[in-house]
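Each remark here refers to the structure printed beneath this line.
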Amino acid sequence: MTTVDLPLLPLGRGTDLTAERGVECPGDLPAPSDPDLVARARAAKEALGERVFVLGHHYQRDEVIQFADVTGDSFKLARDAAGRPEAEYIVFCGVHFMAESADILTSSEQIVVLPDLAAGCSMADMARLAQVEDCWDALADAGIVESVVPITYMNSSADIKAFCGRNGGAVCTSSNADVALEWGFAQKSDAKVLFLPDQHLGRNTAVLKLGMTLEDCVVWDPRRPGGGVSPEDLAAARMILWKGHCSVHGRFSADVVDELRAKRPGIQVIVHPECTHDVVTRADLVGSTEFIIKTIEAAPAGSVWAVGTELNLVQRLAREHPDQEIAFLDRNVCYCSTMNRIDLPHLVWALESLVDGVVVNRISVDPHTEHHAQIALQRMLDLPGRSHRD
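Structure representation (structure tokens):
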């Protein structure tokens, strides 16, 4: 693997004590604690056969990804699970909201397992149902709720998806957010969109894809009275952005992009749309995880990249494409801490428990929530064009 020759800290070699409250992030994950874990995982999978279907998100560590039957982004994996009705068990190596989506889209006879229940998502946790309902009440008090269409990013809890389903809204992915927003604005002549829970994806899509201005967007902060937004600003806004963000993609900074361009002419910067607006506007290419993967796969030998997405994936791309220079777009290297909760010990424990007939860490969405969440998901699936290519 090669990296650009810059005063960054590629693969974690060094410490940036000004970042993330001074946290030090090693560039290599520790080896599995038990050298027999790989053999045990293989044996458990073989014993379960077609009864188990293992899903691995792109951001998972390699020791887990090697046992995935399919890899992909969150919605793709949930759909893949739905396409395997013969699998009694769906073991989702990802985070909680992803396992919920798999449970919603699979049959009631299938059992979804998350190897570590602590594998949550900080972004999804930034929008709680009670907070969103309080926001909705405030929009009603401001006299604009009848104009508002709620759209939630896939990276949200099942009850937030269900809220959108109950209130005429839909779900979107990072690759079809523009199509979903266009749909939302077409629902009412005076439509506004409440976009949950990632403000950056909502802002970047509205401004860069739909031609809005930053002034068309306001940010609703659930921790402030009235969301920290005046009734006048709410009335004038077209996009009401929930104050949430991805703890990984929010780390990338515009000054690093500028530094890279100054010291490595010809470098191409490719980032995820969950990055901040100033980073996205400085990048050469912006797109979903699948878009980033496909772009680098299609790039010619000798291409030089700085990639703004989760480190496990960036390292994997660098290993798979040694003829290209691929660097991580951050001075200090940190993995997604919640994604990395799914490690080989947890996966082995989950699989061996299933072999023994014991279901651990089952993710089950209640029927009422599932019904309304399915409505929101189906509205996304019914969108035209590329709406379900995550």
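Taking my numbering, the leading residue of the sequence shown gets 1084, the next gets one more, and so forth.
We put the beta carbon where it would ideally sit given N, CA and C, even for glycine.
Just so it is clear, the structure is predicted and the values come from calculations on it, not from any experiment.
Contact criterion: CB-CB distance below 8 angstroms. Does residue i meet it with respect to chain B?
i, result
"residue 1451", "Among the protein chains of the structure shown there is no chain B, as only one such chain exists."
Bridge partners of residue i, per DSSP?
i, result
"residue 1138", "1153, 1175"
"residue 1233", "1277"
"residue 1322", "1276, 1300"
"residue 1388", "1351, 1409"
"residue 1445", "1196"
"residue 1254", "1235"
"residue 1147", "Per DSSP, none; premise fails for residue 1147."
"residue 1368", "1353"
Are the beta-carbon atoms belonging to residue i and residue j less than 8 angstroms from one another?
i, j, result
"residue 1366", "residue 1352", "yes"
"residue 1176", "residue 1137", "yes"
"residue 1392", "residue 1421", "no"
"residue 1284", "residue 1236", "yes"
"residue 1228", "residue 1222", "yes"
"residue 1210", "residue 1239", "yes"
"residue 1319", "residue 1288", "no"
"residue 1466", "residue 1312", "no"
"residue 1243", "residue 1457", "no"
"residue 1530", "residue 1424", "This structure cannot settle anything about residue 1530, because the visible part of the chain is limited to 1084 through 1473."
"residue 1161", "residue 1181", "yes"
"residue 1399", "residue 1145", "yes"
"residue 1395", "residue 1143", "yes"
"residue 1413", "residue 1339", "yes"
"residue 1282", "residue 1302", "yes"
"residue 1427", "residue 1147", "yes"
"residue 1390", "residue 1369", "no"
"residue 1165", "residue 1189", "yes"
"residue 1153", "residue 1163", "yes"
"residue 1397", "residue 1411", "yes"
"residue 1317", "residue 1293", "no"
Cα-Cα, which of the options is closest to residue i?
i, options, result
"residue 1245", "1270, 1279, 1226, 1272", "1279"
"residue 1276", "1251, 1257, 1256, 1258", "1251"
"residue 1441", "1315, 1448, 1194, 1467", "1194"
"residue 1179", "1342, 1415, 1140, 1123", "1140"
"residue 1321", "1397, 1272, 1216, 1456", "1272"
"residue 1436", "1156, 1197, 1160, 1206", "1197"
"residue 1159", "1257, 1357, 1202, 1286", "1257"
"residue 1151", "1217, 1124, 1390", "1124"
"residue 1383", "1234, 1407, 1368", "1407"
"residue 1199", "1434, 1281, 1429, 1451", "1429"
"residue 1310", "1291, 1171, 1218, 1344", "1218"
"residue 1314", "1226, 1439, 1354, 1291", "1226"
"residue 1040", "1431, 1185, 1224", "There is simply no residue 1040 to check, as the chain begins at 1084 and stops at 1473 in what is shown."
"residue 1331", "1347, 1294, 1359", "1359"
"residue 1204", "1375, 1241, 1432", "1241"
"residue 1361", "1348, 1341, 1374, 1347", "1341"
"residue 1374", "1155, 1317, 1410, 1316", "1155"
"residue 1266", "1234, 1286, 1295, 1290", "1234"
"residue 1122", "1403, 1451, 1434, 1397", "1434"
"residue 1447", "1192, 1163, 1169", "1192"
"residue 1325", "1286, 1438, 1120", "1286"
"residue 1126", "1449, 1293, 1439, 1464", "1439"
"residue 1220", "1451, 1170, 1418, 1308", "1308"
Given that a residue counts as buried once 16 or more other Cβ atoms are within 10 Å of its Cβ, and exposed if not, what is residue i?
i, result
"residue 1380", "exposed"
"residue 1149", "exposed"
"residue 1453", "buried"
"residue 1269", "exposed"
"residue 1253", "buried"
"residue 1157", "buried"
"residue 1377", "exposed"
"residue 1183", "buried"
"residue 1385", "exposed"
"residue 1462", "buried"
"residue 1132", "exposed"
"residue 1336", "buried"
"residue 1128", "buried"
"residue 1357", "buried"
"residue 1248", "buried"
"residue 1345", "exposed"
"residue 1327", "buried"
"residue 1334", "buried"
"residue 1402", "exposed"
What I want to know is whether the C-beta of residue i ends up closer than 7 angstroms to one or more non-hydrogen atoms of the ligand NAD.
i, result
"residue 1303", "This structure does not include the ligand NAD; it has no bound ligands of any sort."
Counting only runs of 3+ residues fully inside the segment 1392-1437, write out the beta strand (DSSP E) ranges in chain order. Considered as a whole, the segment 1392-1437 harbours 1408-1411 as its complete beta strand (DSSP E) runs of no fewer than 3 residues, in chain order.
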